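Asks: Just passing along the structure, written as structure tokens.
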Amino acid sequence: MPQSSSVTPPGPLGSVSAARVAALVDGFDRSPAYAGLADALVLAIGDGRIGTDVRLPSERELTDALRVSRTTVTRAYAQLRETGYAVARQGAGTFTRVPGGRARTRDRALTPDQLAVGHPDGIDLGCAAPMAPAGLANAYAEAVGELPAYLGGHGYFPTGLPHLQAEVARGFEERGLPTDPAQVIITPGALSGAAIVAQALARRGDRVLVESPVYPNATLALRNAGGRLIGAPVDPEGWDLAAVGAQLRQVRPALAYLVPDFQNPTGHLMSDAQREEYAGHLRAAGTVAVVDESLQALALDGQEMPRPFAAYSPGAITIGSASKAFWGGLRLGWVRVPPGMAEQLTRARLSLDLGTPVLEQLVLARLLAAGPVLPDQLTRLREQREALLAALAEHLPAWRWVRPGGGLAVWCALPSGSAVGLADAAERVGVGVTPGPLFAAEGGLDRFVRIPWTRPADELVGAVERLAAVWSDLPASPTRTRPGRPGSGRVLVA
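Counting in the UniProt record's numbering, the sequence shown runs from 1 upward without gaps.
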């Protein structure tokens with residue numbers, strides 16, 4: 001049942017106050033001041049703290065707020081216009097832009113064709129990955145300063161930079177799971193981690209238990225390694241561990257892929273007691289758990305998180321990722337293995353790649369030293385979640401969902417009709433959503449749709465309003481879909 005929010009979703013973006021801009025650029029480089037101000041504004045526009053198509057404060061207002069000369073602001077605004085981050089409208093003011101427009105920031109392989117081509121203002125809710133947080137560009141800039149020390153070597157680190165391995169291990173230690181840095185292998189993301197594990201441990205024909213619904217790209221990696229996937233249902237209310245135990249005893253799979261932390265796509269969080277019970281079932285079946293913790297750091301309600309699953313299942317392999325906590329463009333993740341297994345996984349890894357980029361590893365080490373996720377990122381995601389859930393409750397009250405305590409998306413059950421039909425109709429009005437069948441390990445789930453809250457609040461509200469409009473016109477029975485929709489091989493990426 002939807003849980004309504006007392007938070008009122010923000011209205012459409014229009015302008016940003018001088019006080020807000022002053023807070024965002026506080027501490028900008030003043031040598032020279034106009035260039036430092038322009039750089040700080042570009043960073044705020046680029047990472048989404050100031051949205052696109054937003055009117056900036058007048059030169060006089062910003063001059064007063066920053067206590068700088070009018071010339072400083074005038075030259076800074078001129079530099080924004082010259083670099084494509086702003087445009088002047090006669091009599092209206094200066095408005096923010098992204099060079100090349102929004103479409104330039106999308107990869108057409110990840111965006112439905114109609115959104116990329118027919119709808120320049122399309123809203124892509126198919127990819128559950130956050131925008132970059134404030135401070136990420138600075139981390140890159142600082143990491144570039146560290147890079148020269150590594151240029152005299154070959155640059156290959158198949159298990160990762162030692163100090164990054166140590167940072168990842170420290171994170172596990174702080175969560176109650178003793179970890180030696182030698183147990184950590186740095187990978188090009190969680191998906192690559194799953195592929196490495198499958199390459200090392202899954203023999204062709206091995207049974208692999210996977211949750212259903214489940215993150216589809218991970219199952220693709222397991223299937224490509226020759227695994228025979230067996231679905232274990234995850235209900236809208238959570239895990240039925242008695243049923244999971246019975247299934248494990250009957251099937252006795254070699255591996256079990258599970259997402260206990262804000263499960264993708266349902267958003268469920270497995271308690272400590274549930275982890276202990278699940279681990280017992282796995283031990284009895286002789287099954288190795290492959291635990292995806294990509295969303296673990298994204299607790300949005302300030303709740304105390306359970307201990308890592310591997311604290312209850314010492315033989316478990318844990319996969320983590322920087323893409324969900326920081327930014328999808330930071331293509332790094334890690335695998336934590338039981339003592340003595342790192343060499344086996346490293347040998348498997350060398351058949352796929354020789355390591356991850358050094359610069360990105362330096363960036364991630366800096367970020368993790370500050371914490372598993374930046375506080376501003378959690379604040380933004382929390383506000384976006386509230387805006388989305390409030391919009392769903394207002395415009396689509398017949399839909400049913402369980403309020404997630406974290407993660408990046410809500411799993412909505414439709415009262416009737418077809419999620420595939422809804423996704424098909426939504427594309428025609430410029431909204432990309434992912435229907436349930438793409439998350440189904442063994443088919444079905446056409447009454448569900450996943451909606452992430454990873455876009456700005458105004459886009460989320462606008463997307464729900466468009467979904468409500470097309471939903472009201474859909475028949476109660478499943479609708480016909482265009483060729484090429486779910487089941488045809490289209491792969492979800494986040």
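Cβ coordinates follow ideal geometry from the N, Cα and C atoms, glycine included.
Predicted model, so just to flag it, every value in this text is computed and none were measured.
1. Put R252 into one of helix, strand or coil per three-state DSSP.
2. Please tell me whether L258 and E293 are closer than 7 angstroms, where the distance is taken between their beta carbons.
3. Ordered along the chain, which non-local residues of its own chain (more than five positions away) have a Cβ less than 7 angstroms from that of S17?
4. Tell me, to the nearest whole angstrom, how far the beta carbon of residue 495 is from that of V42; I am working on the premise that it is less than 8 angstroms.
5. Where T179 and A86 are concerned, what is the direct C-alpha to C-alpha distance, given to the nearest angstrom?
6. Would A273 be called buried (16 or more neighbouring beta carbons within 10 Å of its own) or exposed?
7. May I ask you to verify whether the region 211-223 touches the region 426-440, counting CB pairs closer than 8 angstroms and requiring at least 3?
8. So for S15, helix, strand or coil by DSSP?
9. How many Å lie between S323 and A393 at the Cα?
10. Could you check what DSSP says for A413 in three-state terms: helix, strand or coil?
11. For L209, report the span of its beta strand (DSSP E) as first-last.
12. Enumerated in chain order, which unbroken segments of the beta strand (DSSP E) with a length of 3 residues or greater are wholly contained in the region 251-306?
13. Along the chain, where does the alpha helix (DSSP H) that runs through P162 open and close?
14. Beta-carbon of S323 versus every beta-carbon of chain C: anything under 7 angstroms?
15. When burial is assigned at 16 or more other CB atoms within 10 Å of the CB, is G152 buried or exposed?
16. Could you please give the first and the last residue of the uninterrupted alpha helix (DSSP H) stretch that includes D424?
17. From E142, P265, E59 and A202, pick the residue whose C-alpha is nearest to that of R450; which is it?
18. Could I get the ranges of all uninterrupted beta strand (DSSP E) runs contained in the region 177-203, with 3 residues as the minimum, in chain order?
19. So does the region 330-339 actually touch the region 306-322, counting three or more Cβ pairs closer than 8 angstroms?
20. Is DSSP giving G36 helix, strand or coil here?
21. Per DSSP, what are the beta-bridge partners of L147 in this structure?
22. By Cβ distance below 6 angstroms, which residues in the same chain neighbour L209 in space, the five residues on each side in sequence not counted?
23. So what's I50 in DSSP terms, helix, strand or just coil?
24. Below 7 angstroms between beta carbons: does that hold for A221 and A195?
25. Starting from the C-beta of A182, find all residues in its chain whose C-beta is less than 7 angstroms away, skip the five residues before and the five after it, and write them out in chain order.
26. Helix, strand or coil for P375? Go by DSSP, reduced to three states.
27. So, helix, strand or coil for A232, using DSSP?
28. Mind checking whether residue 495 and A225 have CB atoms under 7 angstroms apart?
29. Kindly indicate which residue of L367, T187, P308 and V290 has the alpha-carbon position closest to the one of D353.
30. Can you tell which of A391, T454, G405 and A398 has its C-alpha closest to the C-alpha of R466?
31. Can you list, in chain order, the residues of its chain with a C-beta nearer than 8 angstroms to that of R366? Leave out the 5 residues immediately preceding and following it.
32. With three or more beta-carbon pairs closer than 8 angstroms as the criterion, would you say the region 355-374 touches the region 398-407?
33. Anyone know if the C-beta pair for P308 and L177 falls short of 7 angstroms?
34. Over the uninterrupted alpha helix (DSSP H) stretch that includes R455, give me the two end residues.
35. If we ignore side chains and look at the alpha-carbon of each, how far apart do T434 and G238 end up?
36. Buried or exposed: S69, going by 16 or more other Cβ atoms within 10 Å of its Cβ?
Replies: With the structure as the only source:
1. coil
2. no
3. P57
4. Any question about residue 495 goes unanswered here, given that the chain covers just 1 to 494.
5. 48 angstroms
6. exposed
7. yes
8. strand
9. 29 angstroms
10. strand
11. R207 to S212
12. 255-258 and 288-292
13. P162 to E174
14. Structure shown: chain C not included; a single protein chain is present.
15. exposed
16. A419 to R428
17. P265
18. 184-187
19. yes
20. helix
21. Paired residues: none, contrary to the question.
22. I230, A232, P253 and A256
23. coil
24. yes
25. A342
26. helix
27. strand
28. The first residue shown for the chain is 1 and the last is 494, placing residue 495 beyond what the model contains.
29. T187
30. A391
31. A139, E142 and A143
32. no
33. yes
34. Segment: none, R455 is in no alpha helix (DSSP H) and carries neither H nor E.
35. 20 angstroms
36. exposed
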